[in-house]
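S.K.: One structure, pasted below without further comment.
Numbering (the numbering used here), first residue to last: 531 to 1234.
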């Protein structure tokens, strides 16, 4: 409010005092501060009618209407320590609205002239029940209050220095050490739902109960944890030995106990002129990801390359880490690939290779064997099987390998020297499967920029320099063997395809247990310029060639002159191209016969891949009555090239006619074939047989 003197001028003010002539007025800001305290905080009620030493009632609102208090209940007696204000201790007050009454104060004030007590919630819990005395763990704190401070103690079991060491780690809060208390610290400005890292390094073993108390409210909670002695830790090999073809990737699995870190050392610089020092971490980003196991992928093709941009070692699981140290050191620099032979490998829960050698936990061996030349077998399958394989690849490489093996077992992938093509609309040709068995090729492919086996093979075919003569690391060429007189053979050089064209037409699955590469080719997805090279009657040879100089040289001497090309290794396979076709089984009049039964069948043969699915449709012709159109949508070609379609023709009569066609097939453009309904002679044959048996019996009795 404004205070004026006799002249109407506002007088000066200082600390709420307004002076005019001989009169001094105290102007009081009335109300509760704060007006929404948390339980345990003090509230100051200011009103210029309050007199020091007088008693006042603290009352709890029990009913209100229209914003006015209509009923209340006595809670406590307050005594004003000074004029104009009284202090209210909210400790123990339940959540509700409260007001002060007495003297000339209102007996039933409006709700806006009350204050609300809120109760701060607080829960604290350690993420782990136990922690080793060299480890950290998280403390989860949750409250309905945004920012607050907490006093922390451990019932006198830990002094302030130990408490500060435990909690003074990371976070947006600060740690203070009250001067008047030697077994308590304060966490200042803790945020709601904070997760605090706590460090129990060098804390005595035992069980501890921590008490967390809000500095200015009644909120309090406890959290317990047991500190145990850290184990010595150990790193041991899962296998006593590991075998790998020279050039492939060795999978070396170690098991970690009571530690997340360690070392694996392959070879000995003095004995082998090679030594790989590999540090490992189980759960590199989060201790929760540690599962007690790390699998090291050691590329024997790139091993010995001192170019630090080349990957030699990595962890199989992205949650783990395997790091090759000092890759450019003399002990890891070789002029050629790592030699074949038996290499000792050691493991230890140490933080450097020197201590690992002196304090090894386990010893195993890595046997690098000579690689064998590539071989090729040709198979074929269906488009549906390829789609299933692609779905499995999206899930996991192991799922894809299992899908291939299952398809072979189920007859969906069969060895072949022929593929059938969809010459009409190029959408349902057989899928040609190249099974390339090539030990030692895994490292070359893995060293490319490709992520999947499909991308890696393309890189090796089209982009990775073999090291000499301008050739690429591998090649894949399909060449016609019967071009005719004075004609050049048609050739599909896969290296000429773009990466997109290759990935559209090819799918690659690698089985690291058998060193088999399954290279699936969908000729329908080749560019038009390449697709048109496959015609009925063509004979093709497929040649896959390993051309990589480093791989072919192995650990031997460098090639001279043309020795590199002379060392090329090729695997071949041959196949014929046929136009897809199918035939119905017919009688001497070239008609299909089907019985007038509910389980009538129509049979035939086809030259497409076994397990191919298609439809057969029967449609009535001429004066057949009742008319019918029936389709079997689930016809599957058997391993021997036969098929059987089933229909319910029980409503038809002998001599009814129909025509049969193929649908949803590479041969669905063929002309319809006429058919006729015939009587079911099964029962008649059975009767005749019984009659014959009876006659036979009668003859026997006559003879007797």
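Quick reminder that beta carbons are idealized off the backbone N, C-alpha and C, glycines included.
Is the Cβ-Cβ distance between residue 1098 and residue 1131 less than 8 Å?
M.R.: no
S.K.: Per the DSSP calculation, residue 871 is bridged to which residue(s)?
M.R.: Answer is 898, bridged to residue 871.
S.K.: So within the region 707 to 755, which uninterrupted beta strand (DSSP E) runs reach at least 3 residues, ignoring any that extend past its ends?
M.R.: 714 to 721, 725 to 729 and 736 to 744
S.K.: Within 10 Å of its beta-carbon, does residue 1060 have 16 or more other beta-carbons around it, so buried, or fewer, so exposed?
M.R.: buried
S.K.: DSSP on residue 1154, reduced to helix/strand/coil?
M.R.: coil
S.K.: Tell me whether residue 745 is buried or exposed, calling it buried when 16 or more other Cβ atoms sit within 10 Å of its Cβ.
M.R.: exposed
S.K.: Give the straight-line distance between the Cα atoms of residue 1235 and residue 1047, rounded to the nearest whole angstrom.
M.R.: The structure shown does not extend to residue 1235, since the chain is modelled only from 531 through 1234, so no value can be given for it.
S.K.: Quick one: Cα of residue 551 to Cα of residue 673, how far?
M.R.: Unreliable placement is indicated for residue 551, whose pLDDT of 45 sits below 50; no coordinate value is reported for it.
S.K.: Enumerate, from N- to C-terminal direction, the unbroken alpha helix (DSSP H) stretches of 4 or more residues contained entirely within the region 879 to 965.
M.R.: Within the region 879 to 965, the complete alpha helix (DSSP H) runs of at least 4 residues are 883 to 888, 913 to 925 and 927 to 939.
S.K.: Closer than 8 Å is the cut-off here; do at least three beta carbon pairs connect the region 1152 to 1165 with the region 1105 to 1124?
M.R.: The region 1152 to 1165, when compared against the region 1105 to 1124, does not touch it at the 8 Å Cβ threshold.
S.K.: For residue 553, which residues from the same chain have a beta carbon less than 7 Å from its beta carbon, with the 5 sequence-adjacent residues on both sides left out?
M.R.: Confidence at residue 553 is low in this model, with a pLDDT of 45, below 50, so its placement is unreliable and the value that follows should be read with caution. Counting only Cβ-Cβ distances below 7 Å, and skipping sequence neighbours, we find nothing.
S.K.: Residue 988 by DSSP, collapsed to three states: which one?
M.R.: helix
S.K.: For a quick check, are the C-beta atoms of residue 1238 and residue 572 less than 8 Å apart?
M.R.: Within the shown structure, residues of the chain are numbered from 531 to 1234, placing residue 1238 beyond reach of any answer.
S.K.: Excluding five sequence neighbours on each side, which residues of the same chain lie with their C-beta closer than 6 Å to the C-beta of residue 959?
M.R.: Excluding residues within five positions, the ones whose Cβ falls inside 6 Å are 951, 952, 1053 and 1054.
S.K.: Please report the Cβ distance between residue 862 and residue 793, rounded to the nearest whole angstrom; I am assuming they are in contact, meaning their Cβ atoms lie under 8 Å.
M.R.: With a Cβ gap of about 15 Å, residue 862 and residue 793 do not count as contacting.
S.K.: What residues are listed by DSSP as bridge partners for residue 1149?
M.R.: 1159 and 1189
S.K.: Does the contact criterion of 3 or more C-beta pairs under 8 Å hold for the region 963 to 977 versus the region 898 to 906?
M.R.: Using a Cβ-Cβ distance cut-off of 8 Å, the region 963 to 977 and the region 898 to 906 are in contact, since at least three pairs of beta carbons, one from each stretch, lie closer than that value.
S.K.: Whole angstroms are fine: how far does the CA of residue 849 sit from the CA of residue 896?
M.R.: 25 Å
S.K.: With DSSP as the reference, please indicate the residues paired to residue 1242 in a beta bridge.
M.R.: Since the first and last residues shown for the chain are 531 and 1234, residue 1242 lies out of range.
S.K.: Are residue 854 and residue 779 touching if we call contact CB-CB under 8 Å?
M.R.: Going by C-beta atoms, residue 854 is not nearer than 8 Å to residue 779.
S.K.: What does the Cβ neighbour count give for residue 980, buried or exposed, with the cut at 16 atoms within 10 Å?
M.R.: buried
S.K.: Excluding five sequence neighbours on each side, which residues of the same chain lie with their C-beta closer than 7 Å to the C-beta of residue 1003?
M.R.: Only 974, 990, 994, 996, 1077 and 1078 meet the Cβ criterion.
S.K.: Check whether the Cβ atoms of residue 714 and residue 682 lie closer than 8 Å to each other.
M.R.: Yes. Within cutoff.
S.K.: Rounded to whole angstroms, what's the CA-CA distance from residue 690 to residue 658? Just pull it up for me.
M.R.: If you draw a straight line from the Cα of residue 690 to the Cα of residue 658, it is about 23 Å long.
S.K.: Quick one: Cα of residue 832 to Cα of residue 898, how far?
M.R.: 14 Å
S.K.: Need the endpoints of the beta strand (DSSP E) that residue 1081 sits in, please.
M.R.: No beta strand (DSSP E) holds residue 1081; the alpha helix (DSSP H) holding it covers 1079 to 1083.
S.K.: Rounded to whole angstroms, what is the Cα-Cα separation between residue 1071 and residue 967?
M.R.: 17 Å
S.K.: In angstroms with no decimal places, state the Cα-to-Cα distance between residue 698 and residue 856.
M.R.: 35 Å
S.K.: Does the distance from the C-beta atom of residue 1184 to that of residue 1208 stay below 8 Å?
M.R.: yes
S.K.: Unbroken beta strand (DSSP E) runs of length 3 or more, entirely within the region 642 to 674: which are they?
M.R.: 645 to 647, 652 to 656, 660 to 662 and 666 to 673
S.K.: Beta-carbon within less than 6 Å of residue 577's beta-carbon, same chain only, minus the 5 sequence neighbours each way: which residues are those?
M.R.: 560
S.K.: Say the cut is 7 Å; is the CB of residue 712 nearer than that to a heavy atom of the ligand NAD?
M.R.: Absence of the ligand NAD is noted for the structure shown, with no ligands found whatsoever.
S.K.: Counting pairs of beta carbons, one from the region 1147 to 1155 and one from the region 1103 to 1111, are three or more of them closer than 8 Å?
M.R.: no
S.K.: Taking C-alpha atoms, which residue in 1081, 771, 828 and 731 lies nearest to residue 760?
M.R.: Checking every option, the nearest Cα to that of residue 760 belongs to 731.
S.K.: Just tell me which of 1069, 1186, 942 and 962 has its CA closest to the CA of residue 1170.
M.R.: 942
S.K.: Using C-beta distances below 6 Å, list every residue in its chain close to residue 783, excluding the 5 sequence neighbours before and after it, in chain order.
M.R.: Cβ neighbours of residue 783 beyond the five flanking positions: 768 and 825.
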